[in-house]
Structure formats: C-alpha cells, structure tokens
Amino acid sequence: MGSSDDVLASFSHGIDRFAFQANISQRNVVDIYPLDPSKSYKINSSLVNHLDYEQNDFKASDVIFAGWCSNADSVVATTQSKRKISDNDEQVEEIVDSKSEGYFINGFSDGRVVAFSSNGKDIVNIIRNKDEIVGVATEGPFIWILDSDKCVKKLEYNKSKPIKTFHLVDGKDETITHFQLLHSQETLYLGIITENSVYIVDPSKRRPVTVANYNIFGAISCEFSEDGKYFIIANIDKIAVFDATTEQEVQTWSAQSEKLKVIDEYVGSLNVDGKITFYTLGENDAICSIDVSGSEAIDFVETGSNVLIAWLNVNEPNFTKISLDTIKNNKEIILNEGNKQPVEAESNQDKIKEPEVLKEEENEKPLKNKITKTEQNELSENLLKCLETETPEETILDYVLSDKWTEARIKKFVSTQIRAPEVVAKLTDIITSELNKRTWSKSGLLTIWLKWLFTFRNTELNSMKNKHTKKNIKHLKSSLKTSSDTLPILLGIQGKLEMLKNQANLRKYLQELKIQDEEVNAEAEIIDEEQLIDGNGEESHSNSEIFVDATEF
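Sequential numbering of the sequence shown, starting at -6, is according to the working numbering.
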C-alpha cells in the first residue's frame, strides 16, 4: 500500500506498472499506470487502465492489501538470457530479453484474495479463505496469507490449493497489526508484528520456527540490512537498528516512518509527513532528505543504481528517478520546486453540483477534511497525551470529534498508537458515555471510533475489570436495542406524516389551480359582454358615444 491509509500506491515487481488510488474511502476505481523508463516515466493519461471494483462486485473500502505477483521467481522487469545459435557452422551467442508478466493482487477482509491481470481488466483467479484475512504478502508467483485463525498459507497466484499451511505459535494470542516477507541473504522469513513485539519466523522448516523476537512497542515496518547482519525496525517515533545475532539495539534514528526499504547500504524511510529520508549505519542523522514542494511522496523503489520516487501531483502520481550517488552527495533534495502551492484544477462540471450531492457532501464533510500529515500527527499525539494524563473529558471529546479525523486515520490510531489497556478503557468509556447521552446524534465519528475499538481491542474490553466502562457499554447496547426497535415505528410515522404533508400540498395546489381557472373564466365573460356586434356587423362598445340622426324628428 502507499504512504497513507487514504492512498493506495504500489509499484509492480518489474517496475513496469504502478497502481494508484487517491482516496480509498471515496473512489471505487484503481488506476494502473504503465511505466516506461525510455520515456523518463512520463505519464500518458490515454494509456492509463482502470480497475472498477463495482463492476466485479467488490468494494475498495474492503481492500486490506494491494500488491503484485509475477509469473516468474525473478522480480526484475527484464532479464537477459543467452542462447547459442548456429550460423555457418559458427556458434554465436544471442542475448534474448524476456519479460515476466505481472498480476495485481488484492486481499479483501472477508477472506477473498483476487488476482487481476496487469491492466486490471480481467480476473485471473479468486482464492476464498474461510476465515477473515489479517495480512497478505507477495513474492514472485507466490501469495502468503495470514488469517484470523492465525493460519499462514502459501499459494500460487493462479491456484486455489495451498502449497504450505501452518499455524503460528508465537503471536497467536496477540493482536497482529502487520504481516510481511523479509529477506536475509538468500533466506526468506516472515515478519509478524504485534502491538508489543516483532517475530521473525522461518517458514522453510517442516515445522516453521521463530528465529527471533524483538520486544518493541508500536512497530510499523521492518527489514534486514543488505548483508543480513542487522535488523531494522520502525515504530511510531523512531527507527531502531539491532544486531541480528545478539538482538541488541546498536543505533536509533528519530523518525516517524510509515514504510522501510533497504537499498544497497542505505535505509530508506517513507515518513508520515510525505518526505523520504535515507540513513546509513554509523551516522547519527539522515544523510539525505527528499521533499516534494507543496505535495508529498507516496512510494519509492530501487531500480538498478537509482531510486524511483512516486509523488502526488494534485490528483495523479508523477515519477522522478534519482541516482544513489546523488542521494549520497546531497543533504536535501527538493522535487517539484517552484510549485509550492499546486491548485487542483476544477472543470465547470465539477463546480456545478446537484442539491442532493451538496447535501450528501455536507453530511460527510467531517470525514473528508483534507489536512497535512503533520497536523494529523499532532492531533494523534495530543489525543494520546490527554488519554494518558488527567485531562477533562470535554477536552478529550474535542480531539475525538475533530473534523480532521477520517475512518482510515481512526483505524490506524486505534490499532497501532494506543499504548495500554487502561487507555483503551478510558477512550471507550468516554465515547460510550457520550453516545448514551445522545444516541440519536448524527455525528458519525463516535460510532466509527467505537466500531474500531470493538474490532481491534475487543480482547482488552472483554477482560477489563473497570465496572464503570462495562456498565456504560451494557447501557449503550440497551439504548441501541431500544433505538433499533423504535426506529421502524418512527420511520413508519415519518412516512405517514410526509404522505399527509404531500396530500395537503396537493390539495392546496389544486385549490389554487381552481381559483385561477375561475378568475380566467370570469375575465372571459367580461370580454364577451364588452365586445357586442350590432346588426350591421360592427362592434358596439358600451362606453362609446351614441349619435342620433336629427331628421328623424
């Protein structure tokens, strides 16, 4: 996925395509961009393909993973092989270019994993898992699935029968927040991230074993160093480097990372503020920071001795290639310089909206407010600080009900940033108390908070000993049951009232129409009387003068 929960951004393994969706919660279409290095990765809108989820009875909001597979083990876009051909009894070596085909893989929370063709127009395979999917990872032609039963399955993209299946031992009783593949030299490992730990599992054994366990809170992403000697973990406020043998921490960098990638000797981090920073072991600070003026980076990938960066240009991705030497020799690199405040172009059709659309947008406005990542990060930190200290409930509610939250941000905060069960209980208590006071409130934020608290923190909520919170939850359930029982009756009454109102309006309209008809008829009669015709065929006007011939007298 991309740099933000609101953005889907993913390079294919061969770096010949890029899947992009600007806002997962609002659009049901993914755009797939072809990438051509010979044209400096310039975008040609006419060549962009569109994957329409609705056409295939899917929802973009149900996607928990978006990535790529290929029909070959190699992850290089173009491989060169040599073959010998005979030419006049001489052996001549010919270099043949072969290109692996990519497949766009989507994991849905309901247990389906779908392999689409590289352009998104065809479905190649649908894998149906009986349990909900927690995480998906891909490598070459293989898909790895972790489900809610803590079962790991390895499958080929075009087959439905697993090649390998096993259950986790470590982490099975914890909430798993992230699942990924790790490479150390020639060995493949699984990375299992929970709230408080990172487990490294070797799946190659007959009975997969946990080879390392790092106790670190709030981990988000992890990678091995190029030589496999170090293990790097990014959590909510730092990047920590551990000795892979002793599991001892050897270095840290202060950063708020969303994604880690090891490229050659460098550790690359895509940060929550949309910047990309690069680090090397032994250096206390970043050796290079890449910033997009007036926008943000959404993904990056290694290609040869270069780094290809995808960044957001208003509402579509742009791509810039930077050499590793340039990164090594420049402390700061600014992309899109001279365009500090890009303004999104609007067509006249975009500006003219139906009243129903305007009303819908007004209702959804709190969930669509666009803010910077820095502002969102500050909001999360302030709320967390309030929850961990003796802060008035009114202040906490102000942060909870801020229009800067989106559902994706709430989901991420609840799943990765809340530190302790006590904090979970406190937040739940405040939200349930507020909902109990105003069950019929139109504010959707409170219900979204509660939804994800019950989804991710259900274990803590069920096992907590706080009687007040339990009472609030029980009271809320009772209120919701009463509300749900009453709602159909109220809707029925509302329907009848609206029908009576419409009937009254209709009667009023017909009455006004009747009065207008009577007035028109009355005017017509007056006109007929005024326009009398005499015996000579001439009009006689009541108000005209009367002439008398005097000779008659």
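Positions of the beta carbon are idealized from the N, C-alpha and C atoms, including for glycine.
These figures come from a predicted structure and were not determined experimentally.
Residue i in three-state terms, based on DSSP
i, result
"S340", "For S340, the predicted model reports a pLDDT of 35, less than 50, meaning its position is unreliable; a value from the coordinates is still stated below. Three-state DSSP puts S340 in coil, outside helix and strand."
"N37", "coil"
"A227", "strand"
"R200", "coil"
"P385", "coil"
"Q509", "helix"
"M311", "Residue 311 is actually Asn in this sequence, not Met. Of the three classes helix, strand and coil, the one that applies to N311 here is strand, per DSSP."
"F109", "strand"
"P30", "helix"
"G297", "coil"
"S373", "helix"
"D24", "strand"
"N264", "strand"
"A233", "strand"
"L390", "helix"
"T409", "helix"
"N151", "coil"
"T239", "coil"
"T367", "helix"
"G128", "strand"
"A15", "coil"
"A212", "coil"
Where the alpha helix (DSSP H) containing residue i begins and where it ends
i, result
"T421", "414 to 430"
"D45", "No alpha helix (DSSP H) holds D45; the beta strand (DSSP E) holding it covers 42 to 45."
"I8", "I8 -> no alpha helix (DSSP H), and no H or E assigned at all."
Residue i - containing beta strand (DSSP E), residue span
i, result
"E251", "250 to 256"
"D140", "135 to 140"
"F449", "No beta strand (DSSP E) contains F449, which is instead part of the alpha helix (DSSP H) from 437 to 449."
"I327", "325 to 328"
"I280", "No beta strand (DSSP E) contains I280, which DSSP labels as neither H nor E."
"A2", "1 to 4"
"I320", "Careful: I320 lies outside any beta strand (DSSP E), inside the alpha helix (DSSP H) at 317 to 322."
"W246", "242 to 247"
"T399", "Note, T399: premise wrong, no beta strand (DSSP E); not H, not E."
"A65", "No beta strand (DSSP E) contains A65, which DSSP labels as neither H nor E."
Environment of residue i [buried if 16+ CB atoms lie within 10 Å]
i, result
"I156", "exposed"
"A12", "buried"
"H43", "exposed"
"H160", "exposed"
"Y567", "What the structure shows of the chain is the stretch from -6 to 546, and residue 567 is not part of that stretch, so it cannot be assessed."
"K333", "Annotation note: pLDDT 44 at K333 (below 50); position unreliable, coordinate value reported separately. Exposed, since its Cβ has fewer than 16 Cβ neighbours within 10 Å."
"D24", "buried"
"L351", "Because L351 sits at a pLDDT of 42, beneath the cut-off of 50, its placement in the model cannot be relied upon, and the following sentence gives the value as read from the coordinates. The residue is exposed, with fewer than 16 neighbouring Cβ atoms inside 10 Å."
"L1", "buried"
"R402", "buried"
"G9", "Reading off the sequence, residue 9 comes out as Asp, not Gly. Buried, because 16 or more other Cβ atoms sit within 10 Å of the Cβ of D9."
"L263", "buried"
"I225", "buried"
"V202", "exposed"
"K143", "buried"
"T425", "buried"
"S38", "exposed"
"E400", "buried"
"Q504", "exposed"
"S373", "buried"
"E427", "buried"
"A248", "buried"
Beta-ladder partner(s) of residue i, from DSSP
i, result
"Y207", "V191"
"H171", "I186"
"G60", "I98"
"G275", "Partner(s): none; G275 has no beta bridge."
"S288", "Bridge partners of S288: none, in fact."
"I120", "V106"
"T158", "K146"
"Y259", "I256"
"S217", "Reading the sequence as shown, one finds Phe at residue 217 and not Ser. DSSP output for F217 lists F224 as bridge partner(s)."
"N498", "N498 pairs with nothing; no bridge assigned."
"S54", "According to DSSP, which records beta bridges pairwise, S54 is partnered with nothing at all."
"L305", "P310"
beta-carbon residue i near the ligand GDP non-hydrogen atom, thresh 8 angstroms
i, result
"N375", "Summarising the ligand content, the structure contains no ligands, and the ligand GDP is consequently not present."
Three or more C-beta pairs closer than 8 angstroms, one from the segment 246 to 262 and one from the segment 395 to 403: is that the case here? By the criterion of at least three beta-carbon pairs nearer than 8 angstroms, the segment 246 to 262 is not in contact with the segment 395 to 403.
Touch test, the segment 322 to 332 against the segment 24 to 40, Cβ-Cβ under 8 angstroms, three pairs minimum: Segments in contact, no.
Are the segment 440 to 450 and the segment 404 to 412 touching, with three or more C-beta to C-beta distances below 8 angstroms? Yes: at least three Cβ pairs fall under 8 angstroms.
Please confirm if the segment 161 to 177 is in contact with the segment 201 to 216, defined as three or more CB-CB distances below 8 angstroms between the two stretches. Between the segment 161 to 177 and the segment 201 to 216 there are three or more inter-stretch CB-CB distances shorter than 8 angstroms, so the stretches are counted as touching.
Report yes or no: do the segment 236 to 248 and the segment 297 to 307 share at least 3 C-beta pairs separated by less than 8 angstroms? Two segments are said to touch when three or more pairs of C-beta atoms, one from each, lie closer than 8 angstroms; by this definition the segment 236 to 248 does not touch the segment 297 to 307.
Evaluate the contact criterion for the segment 182 to 194 versus the segment 93 to 102: three or more CB pairs, one atom per stretch, below 8 angstroms. With contact defined as three or more Cβ pairs closer than 8 angstroms, the segment 182 to 194 and the segment 93 to 102 are not in contact.
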